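J.:
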Amino acid sequence: MKIDELLDKYFEGGTSCEEEREIRRFFAQEEIPGHLEMYRPLFTYLAQEIKTGQETNRNIIPPERKKSIRLHRLFRTLGGIAAGVLLLTGIAHIVSVSYSPENYVIIDGKRYTDDKLVQAKALEALQNAGFTDEDLSNLLFQH
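Note that UniProt numbering has the sequence shown beginning at 1, numbered continuously upward.
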């Protein structure tokens, strides 16, 4: 593409980064056509600003601050991970509680939820304690 077409495209705001680099390289040459000489200061200034900006960006953070910035990022990352773990733990607890039956009994370290089995175990335990059937009925089915 000719430089005149690139310049027209540049001033219309349609150039890509690579095309703009090509324009700056063109104006960095020693010899350019006379009718384009008026654009040289603009593109040499832009090239200098880009170069200066890159150098400034490299040295913008003092070395003594880089360590504290790394620590800050590390703590922020670890804090995010910890928050995620706590959130997942809370969700897991809620899910496990919502799936567990409401009524249960623990007999000899085992959890029982079947009402008929629990009633049979209770009757068996009470019979072993020496209660009569009438006492058991009064205790269990008293309303």
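Even for Gly, the Cβ is constructed at its ideal location relative to N, Cα and C. Every value quoted in this text rests on a predicted model; they were computed, and no experiment measured them.
1) Taking 8 Å as the cut-off, does the region 85–92 touch the region 65–75 (at least 3 CB pairs, one atom from each stretch)?
2) Quick one: what's got a C-beta closer than 7 Å to Ala47's C-beta in the same chain, skipping five residues either side?
3) Taking only the alpha-carbon atoms, compute the straight-line gap between Ala83 and Ile69 and give it to the nearest angstrom.
4) Quick one: is Phe43 buried, meaning 16 or more other Cβ sit within 10 Å of its Cβ, or exposed?
5) For Pro107 versus Lys116, is the C-beta distance shorter than 8 Å?
6) Under DSSP, the alpha helix (DSSP H) around Ile23 begins and ends at which residues?
7) Would you give the residue range spanned by the alpha helix (DSSP H) that Lys2 belongs to?
8) From the DSSP output, which residues share a beta bridge with Val85?
9) Just list the residues that DSSP pairs Ile106 with in beta bridges.
10) Specify the secondary structure class of Glu12 as computed by DSSP and reduced to three states.
T.: Looking at the atomic coordinates:
1) no
2) Arg24 and Ala28
3) 21 Å
4) buried
5) Before going further, note that residue 107 is Ile rather than Pro in the sequence given. No, these two residues do not count as a Cβ contact at 8 Å.
6) Cys17 to Ala28
7) Unbroken run through Lys2: none, as it is neither H nor E.
8) Answer is none; Val85 lacks a bridge partner.
9) Arg111
10) coil
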